[in-house]
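Chains as they are written, first to last, in our numbering: chain A, 15 to 170; chain B, 15 to 170.
Glycine included, every Cβ here is placed at the ideal spot set by N, Cα and C.
Remember, predicted model here, so these are calculated numbers, not experimental data.
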DNA sequence: GACGCAACAGAAAGATTTTCCTGCTTTTCA
DNA sequence: TGAAAAGCAGGAAAATCTTTCTGTTGCGTC
């Protein structure tokens with residue numbers, strides 16, 4: 015059975031607002047979507063418990079907190095067993111400088127985005143990664159020059 | 015002159031908490047860092063006006079809002095003039111399905127992360143991108159199978 | 001001893017959350 | 001087919017909790 019749309023246009027309007035600014039008051043949201051605060055609150059509550067909203071976070075300026083260098087690391091691996099994959103996911107999840115880790119299809123097996131202070135710090139991370147993770151066949155580091163766009167707002 | 019550290023250990027503790035959960039009350043933050051709400055509020059206020067805190071956003075589950083496909087697009091360009099670069103940044107910033115766009119050093123000129131509904135939607139995006147942006151020498155699409163880790167919390 | 005900074009206590013303003021109510025739509029049953 | 005009943009979404013108002021602002025104190029420095 016094709017489940018009915020979980021989100022109507024009002025829900026999506028609320029989400030568009032909250033994706034841009036999680037600190038908006040219910041009164042402001044309500045005015046924007048044409049409701050009173052109470053039904054807005056109930057809708058947000060529902061989307062939170064449904065797992066549609068996964069969290070509210072504070073974003074920082076990477077340069078201003080001393081992490082101006084972003085590196086994308088493409089990994090090719092030798093061992094494709096379920097055990098290796100699980101262990102790798104755990105290892106990488108525990109590395110705080112790895113902000114994103116994607117398992118990919120195609121020529122690259124994993125793609126990481128890493129935030130570090132400078133090149134020596136990246137080298138230290140690189141050594142730690144290659145020492146900790148066994149069976150890496152190829153590691154390609156690509157360095158970001160400029161963050162042209164960095165959004166967390168999905169187009170809904 | 016080596017500017018004094020803008021952030022002391024209390025500031026960083028507050029930022030670590032707020033990066034994980036922007037909805038924490040001042041009372042909860044204050045208890046965690048060992049202060050009363052008022053100085054916490056002043057510190058947060060200061061970091062907001064200083065641009066260290068760039069915003070508070072709501073995160074959604076991409077699959078649950080109908081955007082389960084993430085694609086990384088590597089671009090190589092022919093024209094490296096300042097005008098082209100500026101126009102490209104503007105074009106890409108206005109495309110809502112492009113969540114991230116990085117200007118890179120090395121073999122790849124730009125790396126994009128794109129969120130779409132499915133493969134036909136990606137194809138439509140691809141056609142629009144290549145039709146809109148002139149002078150692309152090479153476009154390589156890599157498809158994500160699994161989001162192993164996706165964090166917005168910088169390691170401070 | 002005076003100054004400046006950071007924290008604190010308490011109060012006022014504002015926001016969130018709850019409770020209860022109304023009207024609409026859908027369902028069910030005679 | 002019609003009508004009562006149930007369920008759903010929104011709204012008003014009150015209670016609770018938070019944020020924000022005021023003045024004040026304590027500590028370290030000069």
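For residue 109 of chain A, which option in A/126, A/160, A/99, A/120 has the closest C-alpha, if you only look at C-alpha atoms? A/126
key: Start-end ranges of the alpha helix (DSSP H) lying completely within the stretch 36-122 of chain A, minimum 4 residues   = 40-47, 51-63, 96-107
task: Report the partner residues of residue 153 of chain A according to the DSSP bridge assignment.
output: A/89
Cβ of residue 139 of chain A less than 7 angstroms from any chain B Cβ?
no
- Query: Between residue 103 of chain A and residue 80 of chain B, what straight-line distance do the alpha-carbon atoms span, to the nearest angstrom?
  - Reply: 25 angstroms
- Roughly how many angstroms separate the alpha carbons of residue 71 of chain B and residue 83 of chain A, rounded to a whole number? 23 angstroms
| query | Smallest Cα separation from residue 58 of chain B: which of B/48, B/32, B/46, B/74? | reply | B/32
What are the residues that DSSP puts in a beta bridge with residue 163 of chain A?
-> B/115
Using a Cβ-Cβ distance cut-off of 7 angstroms, determine whether residue 116 of chain B contacts chain A.
yes
- request: Please name the residues in the stretch 92-113 of chain A whose beta-carbon is closer than 7 angstroms to at least one beta-carbon of chain B, in chain order.
  value: 103, 106, 107, 110, 111, 112, 113
*Kindly give me the distance between the Cβ atoms of residue 111 of chain A and residue 128 of chain A, rounded to whole angstroms, as I take these residues to be in contact under 8 angstroms.*
5 angstroms
### Query
With a cut-off of 7 angstroms, does the C-beta of residue 75 of chain A fall near any C-beta of chain B?
yes
Query raised in the report: Where does residue 114 of chain A land, buried or exposed, given buried means 16+ other C-beta within 10 angstroms?
Result: buried
Q | Beta-carbon spacing of residue 44 of chain A, residue 50 of chain A below 7 angstroms | A | yes
- What does DSSP give as the partner residues of residue 130 of chain B in its beta bridges? B/83
Should residue 157 of chain A and residue 119 of chain B be called a contact, given that it needs their Cβ atoms to be closer than 7 angstroms? yes
- Under 8 angstroms Cβ to Cβ from residue 149 of chain B, same chain only, skipping five residues before and after it: list those, please. 91, 92, 93, 98
- Task: Tell me, to the nearest whole angstrom, how far the beta carbon of residue 89 of chain B is from that of residue 137 of chain B; I am working on the premise that it is less than 8 angstroms.
- Result: About 17 angstroms; that fails the 8 angstroms criterion.
Practice problem: Can you pull the chain B residues whose beta carbon is under 7 angstroms from the beta carbon of residue 72 of chain A, in chain order? | Solution: 32, 33, 36, 67, 70
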